[in-house]
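Colleague:
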Amino acid sequence: MNKYLTKEEALPIEWMLYDKICPVLAPIAYEKFHLTPNMITLIGGVMSILALNALKNNNLTMFTTFLIIRQILDGLDGYVARKYKHFSKWGEILDHGIDEITIFSVCLLIYRFLGFKKFMVFACFAIVLSYFQDKRLKCLVKKDRECLKKTKIFSCFESVIFMCFFIIMLFYIK
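In terms of my numbering, the sequence shown opens at residue 3 and continues consecutively.
Next up, the structure:
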C-alpha cells in the first residue's frame, strides 16, 4: 500500500509513515472505528484548523504538533483508500482542497502577524518548495524511479516539517 516502488525512492520520515505508521493506524481507523478515507481527510482538516488557531495565538509548539498530526492523517487517508479500495474522485478533490486551504490560510496568518517583508520571504520559499513537490508528485504518478531519486529531498512530509521550522524561525527573527 506504499505509494513508492522502493525504499530508496522515499525519505526516511516519509518511508516510516507509509511503511511503519500507516500499516498500524489503517486497521484501527478503518476496521475498528469505521473511518473512511474521506472521514480521515476531514479529521485532518480539523487538525489544520487547530494548527491555524495555534499559529494565530502564537503557540508555535501546538501549531507544529497539529500540523504534523495533520500530515500523518494526510498520508493515512490515501493509504486507507489504496489498502481497502475505497477511493473516489470526491475524496481526491477533498484531500487536495484541504491541503490548498491550509497552505493559503497559513500564508494569510504569516502575512497578518509577521508583515509584508517576512511574508515575501516565506512566499518565495513556499513557491520554490511547491514547484519541486509538484515535480516529485509527477514522478510518482509516472513511477519514474530516476526522477524520484533526483527529487527525493522534496517529499511532502519532510517539506511540512521543514516549513514548520522555517515559520518558527520567521517568528523569532526581528
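No residue lacks a Cβ here, since even glycine has one placed at the ideal position from N, Cα and C.
Quantities reported herein were computed from a predicted structural model and do not represent experimental measurements.
Just how far apart, CA to CA, sit Cys149 and Gly47?
Modeller: The alpha-carbon atoms of Cys149 and Gly47 are separated by roughly 31 Å.
Colleague: Does the distance from the C-beta atom of Asp79 to that of Pro39 stay below 8 Å?
Modeller: Against a cut-off of 8 Å, the Cβ pair of Pro39 and Asp79 comes out as a contact.
Colleague: Return the residue from the list Lys91, Leu111, Tyr86 and Tyr20 that minimises the CA-CA distance to Lys65.
Modeller: Strictly speaking, residue 65 in this sequence is Phe, with Lys absent from that position. It is Leu111.
Colleague: Look at the alpha carbon of Ala128 and the alpha carbon of Tyr113, and state the distance between them as a whole number of angstroms.
Modeller: So the alpha carbons of these two residues sit roughly 13 Å apart.
Colleague: Leaving out five residues before and five after Thr189 in sequence, what residues of the same chain have Cβ atoms less than 6 Å from its Cβ?
Modeller: What is shown of the chain runs 3 to 176, which leaves residue 189 out entirely.
Colleague: Is it true that the CB of Val108 sits closer than 8 Å to the CB of Leu54?
Modeller: Yes, the pair counts as a contact, with Cβ atoms nearer than the cut-off.
Colleague: Report the rounded CA-to-CA distance for Thr43 versus Tyr81, giving the unit in angstroms.
Modeller: Distance between the alpha carbons of Thr43 and Tyr81 is about 11 Å.
Colleague: Leu116 and Leu172: beta carbons closer than 8 Å?
Modeller: Yes. Within cutoff.
Colleague: Less than 8 Å separating the beta-carbons of Ile74 and Leu19?
Modeller: The answer is yes: Cβ separation under 8 Å.
Colleague: At the 8 Å Cβ level, is Ile45 part of the contact set with chain B, yes or no?
Modeller: Absent here is chain B; the protein component of the structure consists of one chain.
Colleague: Count the other CB atoms, across all protein chains shown, that sit within 10 Å of the CB of Asp136; report buried if there are 16 or more and exposed otherwise.
Modeller: The residue is exposed, with fewer than 16 neighbouring Cβ atoms inside 10 Å.
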